[in-house]
């Protein structure tokens with residue numbers, strides 16, 4: 511009979527103790543997996559929600575005259591008459607080292623124009639990028655511009671000028687058709703007219719100039735400061751400003767649940783390890799006679815240790831598999847009731863599954879080393895006297 515067969519036979523014989531050990535470690539592993547899964551899902555959801563806040567980096571020209579505010583935060587000032595930024599700068603931003611962390615690049619050309627006797631700030635934009643950047647934009651009337659000669663207008667500006675979808679207005683040296691009216695945003699967008707940036711550049715003879723570039727940068731892969739430094743290096747004549755309030759909130763939200771889940775998981779694994787330690791220690795005391803017989807028939811210290819650690823390995827591996835299954839399934843039923851405000855998406859992570867098995871085996875073996883060493887040092891004569 512091989513040593514591993516002895517370990518397996520003892521596991522089968524002591525079904526109650528085996529079930530107790532598997533349950534204790536499986537609960538610890540399952541809770542750790544569940545917390546990690548929820549933490550990862552929360553990070554993904556929070557990152558998605560926070561990205562809807564729009565730009566967290568603003569690229570400005572070196573010369574500024576007109577103060578601008580975005581989302582209630584004054585970032586700097588921009589000269590609407592002449593600027594050092596151009597459309598080509600968008601390509602340069604897309605070529606920085608951490609370009610993979612850039613979600614959206616939205617250029618703007620700001621010009622003042624008189625419309626129906628009222629001064630209005632006209633923003634030349636890339637319509638697709640702008641709607642991607644500002645996911646909160648909704649239309650109260652009309653539709654998105656489909657042609658270059660179509661425009662959007664903020665709710666306040668539309669009310670002040672008496673405009674609605676389909677109206678034709680003179681802007682600069684050309685004419686625009688109002689395609690849609692933005693719903694109230696509570697920001698400066700309510701008072702602006704939005705046209706395609708190419709049309710505004712031509713009508714106001716701005717060439718390829720832009721007034722500012724808004725960048726939505728994903729912050730999970732690298733610090734936002736690295737992105738701003740790289741953009742500044744790519745555009746030496748510009749000023750790159752990180753909207754720190756947005757970035758710091760995003761980063762804090764992304765890391766909070768991760769740190770929390772790690773702390774609780776470690777605590778649960780320590781408790782599970784203590785359960786195994788005490789159970790294995792008690793098992794050694796119960797098996798004094800058996801171990802004495804093994805020593806009497808020629809089993810060496812290493813053989814005794816191998817038998818006990820083989821038992822611990824088998825039990826831990828089974829507990830890891832059961833624990834991962836519990837941790838993988840349970841959040842799908844619990845999360846909708848406890849965190850129904852979040853649209854959490856749980857995905858299978860092979861690394862987490864492998865990590866759960868490894869963690870279970872490591873905890874089980876670590877907790878069994880001392881009892882195994884103690885058992886291997888039993889005096890066979892003293893053990894046989896108890897028979």
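Residue numbers (our numbering): 511 to 897. Where is the CB? At the ideal position from N, CA and C, for every residue including glycine.
Worksheet item: For residue 581, which of helix, strand or coil comes out of DSSP?
Response: Here residue 581 corresponds to residue number 71 of the chain shown, with the count starting at 1. At residue 581, the pLDDT of 44 sits below 50, so the modelled position is not reliable; the number obtained from the coordinates is stated separately. Residue 581: coil per DSSP, three-state reduction.
Item to complete: Measure the CB-CB distance between residue 695 and residue 644 and report whether it falls below 9 Å.
Response: In the chain shown, counting from the first residue as 1, residue 695 sits at position 185. In the chain shown, counting from the first residue as 1, residue 644 sits at position 134. Contact check for residue 695 against residue 644 passes: the beta carbons are separated by less than 9 Å.
Fill in: Given 8 Å, three or more beta-carbon pairs between the stretch 685-695 and the stretch 646-655
The answer is yes - the stretch 646-655 touches the stretch 685-695, with three or more Cβ pairs under 8 Å.
Practice prompt. Can you grab the Cα-Cα spacing for the pair residue 780 / residue 873, in whole Å?
Written response: For the purposes of this step, residue 780 is taken as residue 270 along the chain shown, with counting starting at 1. For the purposes of this step, residue 873 is taken as residue 363 along the chain shown, with counting starting at 1. Rounded to the nearest angstrom, the two C-alpha atoms are 8 Å apart.
Fill in: Terminal residues of the alpha helix (DSSP H) in which residue 642 lies
Within the chain shown, numbered from 1, the residue matching residue 642 stands at position 132. Looking at the DSSP string, the run of the alpha helix (DSSP H) that includes residue 642 is 637-643.
Worksheet item: Is it right to say residue 713 is buried, meaning 16 or more other beta carbons lie within 10 angstroms of its own, or is it exposed?
Response: Here residue 713 refers to the residue found at position 203 when the chain shown is read from its first residue. With 16 or more Cβ atoms within 10 Å of its Cβ, residue 713 is classed as buried.
Item to complete: Round the Cβ separation of residue 599 and residue 616 to the nearest angstrom and send it over; I've been treating them as touching at under 8 Å.
Response: Residue mapping note: residue 599 aligns to position 89 of the chain shown, counting from 1. Residue mapping note: residue 616 aligns to position 106 of the chain shown, counting from 1. Incorrect: roughly 12 Å between the Cβ atoms, too far for contact.
Worksheet entry | residue 716 burial status per 10 Å Cβ neighbour count (16 or more: buried) | Against the chain shown, residue 716 aligns to sequence position 206. Here residue 716 is buried, its C-beta having at least 16 other C-beta atoms within 10 Å.
Practice prompt. Pull up the distance between the alpha-carbon of residue 569 and that of residue 618, whole angstroms please.
Written response: Within the chain shown, the letter at position 59 stands for residue 569. Within the chain shown, the letter at position 108 stands for residue 618. Rounded to whole angstroms, residue 569 and residue 618 show a C-alpha spacing of 10 Å.
Worksheet item: Since residue 539 and residue 880 are thought to touch, with beta carbons under 8 Å apart, how far apart are those beta carbons, to the nearest angstrom?
Response: Counting from one through the chain shown, the residue named residue 539 turns up at place 29. Counting from one through the chain shown, the residue named residue 880 turns up at place 370. The C-beta distance from residue 539 to residue 880 rounds to 21 Å, too long to meet the 8 Å contact threshold.
Fill in: Straight-line Cα distance separating residue 742 from residue 595
Here residue 595 refers to the residue found at position 85 when the chain shown is read from its first residue. Here residue 742 refers to the residue found at position 232 when the chain shown is read from its first residue. Rounded to whole angstroms, residue 595 to residue 742 spans 12 Å at the Cα level.
Fill in: Start and end residues, alpha helix (DSSP H) containing residue 736
To locate residue 736, count along the chain shown from 1; it is residue 226. For residue 736, the uninterrupted alpha helix (DSSP H) run begins and ends at 734-744, by DSSP.
Discussion item. Could you tell me which whole alpha helix (DSSP H) segments of length 4 or greater appear in the stretch 690-724?
Written reply: With a minimum length of 4 residues, the continuous alpha helix (DSSP H) runs that stay inside the stretch 690-724 are 707-713.
Worksheet item: How is residue 751 classed by DSSP in three states: helix, strand or coil?
Response: Taking the chain shown and counting its residues from 1, the one referred to as residue 751 is at position 241. Here DSSP, grouped into helix, strand and coil, assigns residue 751 to strand.
Item to complete: Report all residues from its chain with a CB closer than 6 Å to the CB of residue 545; omit the five preceding and five following residues, and keep chain order.
Response: Within the chain shown, the letter at position 35 stands for residue 545. Excluding residues within five positions, the ones whose Cβ falls inside 6 Å are 771, 774 and 775.
Discussion item. Need the endpoints of the alpha helix (DSSP H) that residue 860 sits in, please.
Written reply: On the chain shown, position 350 is the one that residue 860 refers to. Residue 860 -> alpha helix (DSSP H) spans 860-886.
Practice prompt. Check each candidate in 859, 877 and 633 and name the one with the smallest Cα separation from residue 956.
Written response: The structure shown does not extend to residue 956, since the chain is modelled only from 511 to 897, so the question has no answer here.
Worksheet item: If you compare alpha carbons, which of 661, 887 and 870 is closest to residue 543?
Response: Within the chain shown, residue 543 is the residue found at index 33, counting from 1. Ranking 661, 887 and 870 by Cα distance to residue 543 puts 870 first.
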